[in-house]
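> The structure under discussion is supplied below as structure tokens; questions concerning it will follow.
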Amino acid sequence: MSSLSARLRYWFDNTMARGTPALVGLLGFATLAVLIVVSFYLLAVGDRTDGYGNPRTPAQMLWESLTAVLGLYYAPTSGHWQILLGWLLLGLGGLFITSAFIGVISSGISGKLDELRRGRSHVEETGHTVLLGWSDQIFMLLGELAAAGNGRRGVAVILASRDKAEMEDAIRARIPRGALRVVCRTGSPLDPADLDLVNPGRARAILLVNDHEDDDADIRVIKTLLAARDTGEIPVVACVQHSANAGAAGLAADGRAIVLDASEITARLLVQTARQPGLFDIYLELLDFAGQEIHLRAEPALTGHTFGEALLAYPRVGVIGLVPGGGRPRLNPPMSTRLGADDRLIVIDADAAPKPYAPVSAVRPATCAPVPEPGPDHTLVLGWSPRAARMLAELDAYVVPGSTALVVSREPVALLALPRLAVETLRGDPTDRAVLDEVELAPFSRVVVLCEDHGEPALADARTLVTLLHLRDIIARTGHTCTVVSEMRDDRDRVLAEVAGADDFVVSQRLISLLMTQLAQTPELRGVFEDLFDPAGAELYLHPVTRYAVSGRATTFAELVAAAASIGQTAVGYRRAGAGPVLSPPKDLELAFEAGDMLIVLADGVIRSAPAAPRQLSVLQAEQVG
């Protein structure tokens, strides 16, 4: 426990850091306190009458004390010159002493303000969230932490090798005031002594911020994980940009931290979104604290029932998975799985409050239409980044033999040897219209526009937007129909991408930030998200509603849940054509779907094998493949 003096110093430091208005208010309060104490003391021990024999009142005593403090006391204007000289010397001495006293105080205050501006005082918070490092990702993390409070004002403490005033100015410009109190400290997250400034041992969670513009960012994250190993049971969440560094980060974490592989997650999102436009918004809805969220919930009334029966256990809560007692979470388990007494349900709900068990009955499941077997897939990739090879390996796991991918990049790209996907390359700048005109779009069913990984995010997104504008114009001129998915680095550029004509977007930094915040707030969801992003686990799909219900006929969502369950799938929500996703709608909601409307389901992946590690071919091998 912190001592009272330490808490008072911390309160004083925060008050002083608020600037001149807070300092003036503090001095005014101190002056008023002194006046009240001294006035009542003089009233108690001194002469209680004035010079005319009238009793002094507390208000009169306060007034006399105030005039004395302000120097407005009475001094003689006539009399013997020795008396006048004494009053003059007394006034000059008082002026000298007061000036010296003010100088000492001013010097001390200036020194304290300088210390506060340097951000080197110890933080005395408890239950706060610590963020180590600085990048544009910090604003996404702070925004989600503010939303996670559900009306309660939380505290976030940032430690970074930046000027404290600069950090505070940047945060004030991007984060609304009131939702979250942010405390900044200047120091190196790599130094255990500096790390102690933010009181990590009494924090609620620790987030390591990765600067994707820094080539050595992963190395810094690994060293910070080593520095943060003495934080006990405090949840630590980190992210590495390159898969090659994930193993070292895991060793540094020593099983005490959650380390996300941003490259792997982004590659998988790009592939899934390219195959199913609209999927990225569903992930955002699941991970964003402002909408429907994933929770774990115990329901003793379901003990002995099957998972298929549990799907209809709540009228307004979506059941999507199961956590066996002492086992790993599993999304969309077999419908015949029976729930044990210690099992918990994985649900989608607006809040974590328990909901009454009220099973839906009299459900008429619809008949599911057969799913056609997929044919060869042809994908055009415009641009290149360190994630591209991983993305193509992920795509190879979904397609059938005979599928192709053409990569257009201004950088030299080595051909990749993959089991089912034949990869070809074309050297050229995707922002150059002449290069794009050389590409015949007719064979391709989808186009993926990758964002460069180096340079300023605004410039990289600008190049992507130029490519999108040219691509959309070519599609309009040729009349070819294909899906266009774009990767963006700055979430604020999504609006511009919509104008440029992209069908969907993947802003990897935003999704990684949401995932990190969710894991920091609820570490027990780690296994749920691992299963969700595991290629061997259940995946989210957008299937035409006409596979589950008759087009135009009123159907309750409960009927759609039962229809999906009959073929081993878990219905999560729906998305109407041209609109956003609706997750976990009321089971009794009657809906009339039309062509183009989609049902959101969790299903076992159509993935044909685990993604193969992309193997680069030598020049000789590349010629032979060609």
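Mapping to full-length UniProt numbering: the sequence shown position 192 is 192, numbers consecutive.
Where a beta carbon is used, it is the ideal one built from N, C-alpha and C, also for glycine.
1. Would you tell me roughly how many angstroms separate the C-alpha atoms of Leu197 and Arg177, rounded to the nearest one?
2. Can you tell me which of Trp134, Ala147, Leu519 puts its alpha carbon nearest to the alpha carbon of Phe289?
3. If you drop the 5 nearest sequence neighbours on each side, which residues of the same chain put their C-beta closer than 6 Å to that of Ile171?
4. Please classify Asp461 as buried or exposed, where buried requires at least 16 other C-beta atoms within 10 Å of its C-beta.
5. Measuring CB to CB, does Arg390 end up less than 9 Å from Pro412?
6. Among Pro329, Val317, Ala298, Leu269, which one has its Cα closest to the Cα of Gln292?
7. Tell me where the beta strand (DSSP E) around Pro457 begins and ends.
8. Enumerate in chain order the residues of its own chain whose CB-to-CB distance from Met488 is below 8 Å, with the five nearest sequence positions on each side excluded.
9. In the DSSP assignment, what residue or residues form a beta bridge with Gly154?
10. By the 10 Å Cβ neighbour count, where 16 or more other Cβ atoms means buried, how is Arg330 classified, buried or exposed?
11. So Pro192 is in the alpha helix (DSSP H); what residue range does that whole segment cover?
12. Cβ atoms of Val407 and Pro374: under 9 Å apart, would you say?
13. May I have the straight-line CA-CA distance separating Pro544 from Phe444, to the nearest angstrom?
14. What are the start and end residues of the beta strand (DSSP E) that includes Gly318?
15. In terms of residues, what are the limits of the alpha helix (DSSP H) holding Ser508?
16. Tell me the rounded alpha-carbon separation between Leu583 and Ala33.
17. So, under 8 Å CB-CB, Leu141 and Ser513 are touching, yes? Tell me the CB distance rounded to an integer number of Å.
18. Closest to Pro255 by CA distance: which of Glu233, Gly154, Asp169 is it?
19. Just to confirm the assignment, what range does the alpha helix (DSSP H) spanning Glu309 have?
20. Just the C-alpha distance for Tyr357 and Thr481, rounded to the nearest angstrom, thanks.
21. Taking only the alpha-carbon atoms, compute the straight-line gap between Ala267 and Arg472 and give it to the nearest angstrom.
22. Leaving out five residues on either side along the sequence, give the residues of the same chain with a beta carbon under 7 Å from the beta carbon of Pro524.
23. Here's the rule I'm using: 16 or more other beta-carbon atoms within 10 Å means buried, otherwise exposed. How should Val236 be labelled?
24. Count the other CB atoms within 10 Å of the CB of Val550; is the residue buried (16 or more) or exposed (fewer)?
25. So, is Pro189 buried or exposed, given that buried needs 16 or more other C-beta atoms within 10 angstroms?
26. Applying the criterion that 16 or more other CB atoms from any shown protein chain within 10 Å of the CB defines a buried residue, is Gln5 buried or exposed?
27. I need the DSSP call for Ala339, collapsed to helix, strand or coil.
28. Would you call the CB atoms of Arg410 and His470 closer than 9 Å?
29. Please list the terminal residues of the continuous beta strand (DSSP E) segment that includes Asp349.
30. Taking Ser161 as the reference, give the member of Arg118, Val360, Thr517, Val381 with the closest Cα.
31. Taking Thr303 as the reference, which of Ile320, Arg344, Ala274 has the closest Cα?
32. Per DSSP, Glu293 is paired with what?
33. Which residue from Ala203, Gln241, Thr231, Glu594 puts its Cα closest to that of Asp216?
34. Kindly confirm or deny that the segment 264 to 279 and the segment 582 to 596 touch, where touching means at least three C-beta pairs closer than 8 Å.
35. Tell me whether the beta-carbon of Leu207 lies closer than 9 Å to the beta-carbon of Leu225.
36. Give the secondary structure of Ile102 by DSSP, where H, G and I count as helix, E and B as strand, and everything else as coil.
This is what the structure holds:
1. The straight-line gap from Cα to Cα measures roughly 24 Å.
2. Selected option, being the one with the closest Cα: Ala147.
3. Take Ile171, set aside five residues on each side of it, and the residues of its chain with a beta-carbon closer than 6 Å to its own are Val182, in chain order.
4. Taking all protein chains shown into account, Asp461 has 16 or more neighbouring C-beta atoms within 10 Å of its C-beta and is therefore buried.
5. Cβ atoms of Arg390 and Pro412: not closer than 9 Å.
6. Of the candidates Pro329, Val317, Ala298, Leu269, the one whose C-alpha sits nearest the C-alpha of Gln292 is Val317.
7. For Pro457, no beta strand (DSSP E) segment is defined; the enclosing uninterrupted segment is the alpha helix (DSSP H) at 457 to 478.
8. Once the five neighbours on either side are set aside, the close Cβ partners of Met488 are Cys451, Asp461, Thr464, Arg494, Ala497, Phe505, Val506, Val507.
9. Per DSSP, the beta-bridge partners of Gly154 are Leu180.
10. Classification of Arg330: buried, given that the 10 Å Cβ count is 16 or more.
11. Going by DSSP, Pro192 is part of the alpha helix (DSSP H) stretching over 192 to 195.
12. Contact: no.
13. One C-alpha to the other measures close to 22 Å.
14. Looking at the DSSP string, the run of the beta strand (DSSP E) that includes Gly318 is 318 to 323.
15. Here the alpha helix (DSSP H) through Ser508 covers 508 to 521.
16. Rounded to whole angstroms, Leu583 to Ala33 spans 57 Å at the Cα level.
17. Leu141 to Ser513, Cβ: 5 Å. Contact.
18. Sequence check: residue 255 is Gly here, not Pro. Of the listed residues, the one whose Cα sits closest to Gly255 is Glu233.
19. Following the DSSP letters along the chain, one finds Glu309 inside the alpha helix (DSSP H) bounded by residues 307 to 310.
20. Approximately 47 Å, taken between the alpha carbons.
21. Cα-Cα distance, rounded: 23 Å.
22. Note that residue 524 is Glu in the sequence shown here, rather than Pro. The beta carbon of Glu524 lies closer than 7 Å to those of Leu296 in the same chain, with the five residues before and after it left out.
23. Taking all protein chains shown into account, Val236 has 16 or more neighbouring C-beta atoms within 10 Å of its C-beta and is therefore buried.
24. Counting other Cβ atoms within 10 Å of its Cβ, Val550 stays below 16 and is therefore classed as exposed.
25. Its Cβ being crowded by 16 or more others within 10 Å, Pro189 is buried.
26. The question names Gln, yet the displayed sequence has Ser at residue 5. With fewer than 16 neighbouring CB atoms inside 10 Å of its own CB, Ser5 falls in the exposed class.
27. Note that residue 339 is Leu in the sequence shown, not Ala. Leu339 falls in the coil class under three-state DSSP.
28. No.
29. For Asp349, the enclosing beta strand (DSSP E) starts and ends at 344 to 349.
30. Comparing Cα-Cα distances from Ser161 to each of Arg118, Val360, Thr517, Val381, the minimum goes to Arg118.
31. Comparing alpha carbon positions, the residue from Ile320, Arg344, Ala274 closest to Thr303 is Arg344.
32. Among the bridge pairs identified by DSSP, Glu293 is matched with Asp349.
33. Among Ala203, Gln241, Thr231, Glu594, the Cα nearest to that of Asp216 is on Gln241.
34. The segment 264 to 279 is not in contact with the segment 582 to 596.
35. With respect to Leu225, Leu207 sits apart: the two C-beta atoms are not nearer than 9 Å.
36. Taken through DSSP and simplified to helix, strand or coil, Ile102 comes out as helix.
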